[in-house]
Amino acid sequence: MRLAPWRTLRGRLVAAALLVELVMLAILVGNSQRLLRNAMGEQARDQAEQIAPVLTAALVAPLAQSDYATVQAVLQESHAIRGIDYLAVTDASGAIVAISGWPANMPLPTVDAAFNLDDDDDPPRYDLALPIKLSAQRLGTLQMGLALGHIVVARKNLLTQGMLIAGGELLLSVGLLSFLGYLITRQLTRLTKASLAVAEGRPVLKAAPEGPDDVGRLGAAFNAMQRAIAERVQQLTQARDENARIAESLRESTAQLNAIFELSPDGFVSFDAKGHITYASPAFFRMLGWAPGQVIGLDEPAFSARLANACTETAQFPGVAGLPQAAEAAGRKRQLIELAGSSKRVLEVGLRRSDAEAVSQILFFRDVTHETEVDRMKSEFLSHAAHELRTPMASIAGFAELLATRKFTDERRQDVVGIIRRQSSVMVSIINELLDLVRIDDRRGQDFEFTQLDLRALVQEVLTDFGVPDGREPATLHGPPTALPVRADPQKLAQAVRNIVSNAYKYSPGGGPVTITLQREGDGAEARAALQVTDCGIGMTPEQAARVCERFYRADASGNIPGTGLGMAIVKEIVTLHGGEMGIASTAGVGTSVSLWLPSPEAPAAARASTDDGHATAEPLATMSVSLS
Amino acid sequence: MRSRLRVLALSLLMPALGLAAPAPPAAPASAPFRIGVAPHSSARVIIEMYQPLRQHLEQALHRPVEIVTAPDFTEFARRGMAQAYDIAITTGHQARLLQTDAGHLPLLTYKADFKAVALVLGQSRFREPKELAGGTVIGLSGSSLVTLWGQQWLHRNSVGEVTMRYVSASDSVGQLLVKGEASAGFMSLANFQNLAPPVRDQLRVLAESLPMAGRVYLLNARHRKEQEAISAALWAFAETPDAKQYFARYKLGGYRTLEPRELVAMEPYANDVRLALKQGK
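Chains as they are written, first to last, in the numbering used here: chain A, 125 to 753; chain B, 167 to 447.
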């Protein structure tokens with residue numbers, strides 16, 4: 125950045141020096157003018173004072189003698205003296221008796237009261253009148269005019285020459301002062317450039333010159349300052365980088381925390397030191413169905429009251445303050461609450477206190493509805509399993525006790541042993557199915573060996589191996605004669621088909637046909653293979669149909685129909701792990717139709733061309749009343 | 167001689183008849199009262215000498231009074247004849263002329279005798295008037311009484327071929343004599359006595375005249391009505407300390423009345439002046 129000369133220190137110094145010099149020169153010239161004026165004026169007055177006595181002395185006698193010719197001669201002689209403009213003598217009555225240098229027909233100039241170089245006379249002149257006296261007698265008056273033109277000329281010459289000299293001196297001063305200013309301020313200019321470089325963060329390549337004089341000391345101080353600044357800048361840079369790193373880390377941590385909080389199924393509510401809610405995680409709002417504006421800013425009692433109102437009577441929120449005592453009384457670390465309404469959501473609530481100023485305590489909410497349900501189901505499962513196992517076990521134990529304590533005939537003993545054997549088989553079946561179900565649950569299909577197979581062939585194989593109860597007709601298979609490809613574990617899928625077919629026979633004790641229908645639905649990626657097993661059995665109510673896949677649930681409450689109550693549960697698990705769906709349509713007293721849909725890879729075009737009953741496509745099996753997918 | 171007697175007689179009668187001269191013009195009231203003193207000495211000496219009188223008359227007459235003189239006696243006589251002075255103070259012969267030809271009124275004169283002296287350098291060889299023959303003699307003016315007396319003295323002593331040189335003041339006469347630029351010089355005895363001692367002591371009186379009417383005060387006829395008052399003022403002046411000092415300083419002795427015969431006796435010299443005026447000298 126280049127400053128205008130008048131804005132630089134050098135320019136201002138030069139301007140100030142020139143101003144002072146100009147003032148001094150003006151004073152000098154003015155004073156010279158004044159001194160010249162005074163001196164020359166004094167000289168003029170002295171001249172007048174010197175001439176006057178001589179003239180007076182010379183004029184006394186001729187005036188006393190009225191010898192005006194002599195007076196005129198004296199005046200004419202005196203007029204030759206340089207500096208006298210005119211001379212005139214008047215007698216005692218004021219009449220002009222002699223005159224020289226002034227027109228006789230013109231009145232004499234007015235006498236000046238005082239010496240004045242700048243009056244209106246042109247040419248400038250000092251008019252004075254001196255009485256010509258002898259003793260006490262006034263003989264007349266001598267009036268003379270002293271020419272001041274030479275003083276004016278001298279003054280003008282002095283002024284002109286003084287101004288010329290002053291101008292030249294000022295020019296020389298400008299040059300000299302500018303040069304001196306340059307010598308003085310060039311180091312300052314370098315310092316300025318270096319300062320700007322430091323201010324802009326650019327490195328200073330060349331240190332400021334140092335020396336013993338003021339500028340040198342300034343340069344040394346600047347260098348010290350520059351080094352200190354560089355050091356501070358380095359420290360600040362490091363600190364900035366560290367802060368940036370910390371900020372980035374904090375941002376990442378915050379992002380992680382936000383992501384965690386966002387994704388976390390658990391809800392958190394934090395209170396500040398004054399007991400007001402400052403934060404609640406999204407999961408909390410999802411759990412409660414509240415909006416942030418309804419929670420943020422609430423104090424502890426208000427929040428406790430609001431949450432308590434949202435809970436059922438049986439699992440009430442004891443309040444933030446009473447939470448530890450309630451949990452301790454319940455023998456748990458955390459308190460369970462149940463939200464009122466249709467969701468019946470069960471939340472686990474924990475409290476963590478903190479000494480931090482920003483967060484005094486945090487409420488922890490976890491949705492344990494599923495876990496609670498699982499626990500309940502496990503309990504129920506265990507109860508059912510124990511119950512189901514106890515029945516054959518009780519028969520086995522009873523009949524074994526009878527065999528041990530009583531004597532039976534061989535026939536009777538054979539009957540009892542047969543009973544024991546059958547109950548053992550039932551118990552083994554129960555245990556096997558339980559093991560199957562547990563295995564499926566544990567492995568979640570990881571042990572399935574999927575392969576491309578023909579569903580029709582598989583069903584045909586199951587039907588072939590299936591032991592049709594006595595007096596019943598084998599199940600009839602409908603569907604296209606071509607292969608119906610599915611990707612499945614053949615053993616697991618065969619087990620599912622077997623269970624469905626077995627149920628169809630078991631729950632149709634009155635007989636009736638069991639029909640199996642296979643068909644392909646949809647095209648491309650949406651293509652599915654459908655399997656429908658229909659019986660004409662006892663059927664089920666909708667409530668029963670809805671629970672038929674629950675473990676150990678049996679639609680037959682009479683107990684006349686053998687079974688473990690696990691078959692349909694196993695079917696549902698297998699179908700689900702195959703990516704398929706299951707549907708049940710049942711009418712009490714009419715019969716039941718169980719459908720399975722499995723993904724079907726692209727089948728040959730011929731397979732889709734016709735069916736065994738001549739229809740190109742069958743009606744989709746979408747009319748099931750209950751879908752268990 | 168006869169014509170001179172007629173002129174003398176007319177001179178004596180005309181003032182009495184008031185016909186001797188035309189009536190002088192009245193001076194303007196604001197004009198200063200001019201006292202003309204014959205140039206018996208330098209103008210500066212004359213002015214200084216008569217200042218006490220001037221101041222006294224200013225007070226007495228309640229009007230400005232100035233002392234004036236003339237470059238020489240002839241001019242003084244001419245101005246007197248021209249009624250230039252209100253009071254003329256001049257030697258007897260011009261007083262006679264002004265009395266007879268200008269109608270002036272004689273007032274008074276000094277008590278001291280007026281004598282003319284012929285002076286030579288004290289150490290000079292001149293002892294007799296005849297020894298001055300062939301030399302230069304200095305006089306104040308051709309119209310002055312002492313010069314006229316001296317010329318007549320030279321004539322009476324038959325000093326021939328004398329070159330007359332005229333100067334303006336008796337001081338100059340003394341100076342020129344001391345310098346040896348002239349053999350003899352004429353001045354009044356009073357002026358001789360008033361010369362600066364270094365000059366006076368080097369001079370020697372070769373001849374001395376009889377007492378003559380010296381400086382006579384004449385009043386211009388236009389002040390005839392004021393004659394008594396003016397005369398009284400002059401006499402009153404004589405009684406003042408300044409006048410006494412003035413009289414003593416210049417050895418004048420005071421005022422006295424003028425005898426008519428004293429001016430009549432000056433008639434021959436007055437005639438010389440009249441003649442000189444006519445000749446324009």
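Where a beta carbon is used, it is the ideal one built from N, C-alpha and C, also for glycine.
Because the structure is a prediction, the values reported are computed rather than measured.
Hey, how far is the Cα of residue i from the Cα of residue j?
{"i": "B/Asn360", "j": "A/Leu159", "result": "51 Å"}
{"i": "B/Thr256", "j": "A/Val276", "result": "54 Å"}
{"i": "A/Ala766", "j": "A/Leu722", "result": "Because chain A is modelled from 125 through 753, residue 766 of chain A falls outside the range shown and cannot be assessed."}
{"i": "A/Pro406", "j": "A/Pro389", "result": "9 Å"}
{"i": "A/Ile308", "j": "A/Ala139", "result": "15 Å"}
{"i": "A/Gly704", "j": "A/Asp423", "result": "51 Å"}
{"i": "B/Gly326", "j": "A/Gln267", "result": "51 Å"}
{"i": "A/Gly661", "j": "A/Thr688", "result": "18 Å"}
{"i": "B/Leu311", "j": "B/Ala236", "result": "15 Å"}
{"i": "A/Thr665", "j": "A/Ala712", "result": "5 Å"}
{"i": "A/Gly569", "j": "A/Arg546", "result": "32 Å"}
{"i": "B/Ala335", "j": "B/His206", "result": "6 Å"}
{"i": "B/Ala409", "j": "A/Ala260", "result": "16 Å"}
{"i": "B/Gln368", "j": "B/Val344", "result": "7 Å"}
{"i": "A/Gly474", "j": "A/Gln459", "result": "6 Å"}
{"i": "A/Gln350", "j": "A/Gly325", "result": "11 Å"}
{"i": "A/Asp365", "j": "A/Asp396", "result": "31 Å"}
{"i": "B/Leu429", "j": "B/Leu355", "result": "19 Å"}
{"i": "A/Leu601", "j": "A/Ser632", "result": "18 Å"}
{"i": "A/Ile694", "j": "A/Val672", "result": "11 Å"}
How would you list, in chain order, the residues of chain B whose beta-carbon sits under 7 Å from the beta-carbon of residue i?
{"i": "A/Ser259", "result": "Ile213, Glu214 and Gln217"}
Quick one: which chain A residues come within Cβ less than 8 Å of residue i?
{"i": "B/Gln221", "result": "Ala260"}
{"i": "B/Ile233", "result": "Ala188 and Gln261"}
{"i": "B/Ser208", "result": "Ala185"}
{"i": "B/Ala236", "result": "Gln189, Ser190 and Asp191"}
{"i": "B/Pro205", "result": "Gln189"}
Cutting at 6 Å between CB atoms, please list the residues of its own chain near residue i, excluding the five before and the five after it.
{"i": "A/Leu149", "result": "Ala290"}
{"i": "A/Pro129", "result": "Gly135"}
{"i": "B/Ser208", "result": "Ala335 and Asp337"}
{"i": "B/Ile201", "result": "Ile233 and Ile253"}
{"i": "B/Leu342", "result": "Ile304 and Ala348"}
Give me, in chain order, the residues of the same chain whose beta-carbon lies closer than 7 Å to that of residue i; leave out the 5 immediate sequence neighbours on both sides.
{"i": "B/Gly419", "result": "Tyr276, Lys277, Ala278 and Phe413"}
{"i": "B/Thr423", "result": "Leu274"}
Assign residue i to one of two classes, buried (16 or more other C-beta atoms within 10 Å of its C-beta) or exposed (fewer than that).
{"i": "A/Asp479", "result": "exposed"}
{"i": "B/Val333", "result": "buried"}
{"i": "A/Gly343", "result": "buried"}
{"i": "B/Gly305", "result": "buried"}
{"i": "A/Asn155", "result": "exposed"}
{"i": "A/Ala363", "result": "exposed"}
{"i": "A/Arg530", "result": "exposed"}
{"i": "B/Gln249", "result": "buried"}
{"i": "A/Lys616", "result": "buried"}
Excluding five sequence neighbours on each side, which residues of the same chain lie with their C-beta closer than 8 Å to the C-beta of residue i?
{"i": "A/Pro725", "result": "Gln576, Pro609, Val610, Arg611 and Ala651"}
{"i": "A/Ala731", "result": "Note on A/Ala731: pLDDT 42, under 50, position unreliable in the model; the coordinate value appears next. Here the set comprises Pro604, Thr606, Ala607, Leu608 and Arg644."}
{"i": "B/Arg291", "result": "Glu297"}
Could you check whether residue j and residue i sit closer than 9 Å to each other, using their CB atoms as the reference points?
{"i": "B/Val474", "j": "B/Leu372", "result": "Examination of residue 474 of chain B is not possible in this model, given that chain B is present from 167 through 447 alone."}
{"i": "B/Glu232", "j": "B/Phe199", "result": "yes"}
{"i": "A/Glu472", "j": "A/Asp491", "result": "yes"}
{"i": "A/Val638", "j": "A/Ala628", "result": "yes"}
{"i": "B/Ala284", "j": "B/Gly380", "result": "no"}
{"i": "B/Ala348", "j": "B/Arg331", "result": "yes"}
{"i": "B/Gln265", "j": "B/Leu441", "result": "no"}
{"i": "A/Asp209", "j": "A/Leu270", "result": "yes"}
{"i": "A/Val184", "j": "B/Arg210", "result": "yes"}
{"i": "A/Gly803", "j": "A/Val144", "result": "The structure shown does not extend to residue 803 of chain A, since chain A is modelled only from 125 to 753, so the question has no answer here."}
{"i": "A/Phe346", "j": "A/Ala368", "result": "no"}
Please list, in chain order, the chain B residues whose beta carbon lies closer than 8 Å to that of residue i.
{"i": "A/Ala197", "result": "Chain B residues near A/Ala197: none, gap ~12 Å exceeds 8 Å."}
{"i": "A/Ala216", "result": "Pro198, Pro230 and Glu232"}
Check the Cβ of residue i against every Cβ in chain A and list those closer than 9 Å, keeping chain order.
{"i": "B/Ala248", "result": "Those do not exist, as B/Ala248 stays about 11 Å from chain A at its closest Cβ, beyond 9 Å."}
Compare the C-beta of residue i against all C-beta atoms of chain D and say whether one is closer than 9 Å.
{"i": "A/Thr265", "result": "This model lacks chain D altogether; the protein chains it does include are A and B."}
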